[in-house]
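*Asks:*
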Amino acid sequence: MLHSMSTTVEPSSERSAAEVNEEIRALWLRSGGTLSVEQRAEYQRLVMEWANAAPESVNAA
Numbered sequence: 001m002l003h004s005m006s007t008t009v010e011p012s013s014e015r016s017a018a019e020v021n022e023e024i025r026a027l028w029l030r031s032g033g034t035l036s037v038e039q040r041a042e043y044q045r046l047v048m049e050w051a052n053a054a055p056e057s058v059n060a061a
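Residues in the sequence shown are numbered from 1 upward in steps of one, following UniProt numbering.
(1) Using a Cβ-Cβ cutoff of less than 8 angstroms, which residues in the same chain neighbour S36 once the five nearest sequence positions on both sides are dropped?
(2) By the three-class DSSP mapping on this structure, what secondary structure does R30 have?
(3) Buried or exposed: where does L29 fall if 16 or more other Cβ atoms within 10 Å of its Cβ makes it buried?
(4) On the criterion of 16 or more Cβ atoms from any shown chain inside 10 Å, does A51 qualify as buried, or is it exposed?
Here it is in structure tokens:
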């Protein structure tokens, strides 16, 4: 089953990359290491938010 990753990021309150990363870590902990379809969609959204919040030096790496 193929899933496409959306390239649009929902507007959200301006959170730091560290705050978004903490939420990503919490999602993985809650899931027990295996994401459901719904959790996978949330993970993808969070990764896009993290990428937009991360400093330019991280994005260039």
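Just so you know, even glycine gets a beta-carbon here, dropped at the ideal spot from N, CA and C. The structure displayed is predicted, hence computed values, not measured ones.
*Replies:* Here's the rundown:
(1) Correct list: empty, nothing qualifies.
(2) It is helical.
(3) Classification for L29: exposed.
(4) With fewer than 16 other beta carbons inside 10 angstroms of its own, A51 counts as exposed.
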